[in-house]
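Heads up: the structure comes next, in structure tokens.
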């Protein structure tokens, strides 16, 4: 079992920055990659960014150049640095892990709210 706990959400003005953290515990080698999803009211959950244990990254087009995903394997922690935030970035952000045995995003954190005011 793997547990994921997010932190770092909050309220920020447009143009500002926030950093989200995701602490993983348990059998962390059972998940690869890890990623950040978000879900805005009335919209489907979308993958924002992902990172493999080796550090390879992928980003949604909507956040490229503004968000940076990273991880510290020694601390079992993943981060999402969000810069130049826009009101449309407002959403609940979820930390997630893809199980290597199912190849599905089956492991989820509880979510953290990010609100960007205009």
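Numbering (the working numbering), first residue to last: 75 to 192. Where is the CB? At the ideal position from N, CA and C, for every residue including glycine.
With fewer than 16 neighbouring CB atoms inside 10 Å of its own CB, residue 103 falls in the exposed class. Distance from the CA atom of residue 127 to the CA atom of residue 147, rounded to whole angstroms, is 7 Å. Residue 100 has its alpha-carbon roughly 18 Å from the corresponding atom of residue 176. Burial check for residue 122: the Cβ neighbour count within 10 Å reaches 16 or more, so the residue is buried. Only residues of its own chain outside the window of five on either side were considered, and among them 186, 187 and 188 have a CB closer than 6 Å to the CB of residue 83, listed in chain order. Counting other Cβ atoms within 10 Å of its Cβ, residue 78 reaches 16 or more and is therefore classed as buried. Closest in alpha carbon position to residue 171, among 157, 159, 160 and 150, is 150. If only complete runs of 3 or more residues are kept, the region 161-185 shows the beta strand (DSSP E) at 165-173 and 178-182, in order along the chain. Its Cα nearest to that of residue 97, the residue 81 stands out among 111, 107, 105 and 81.
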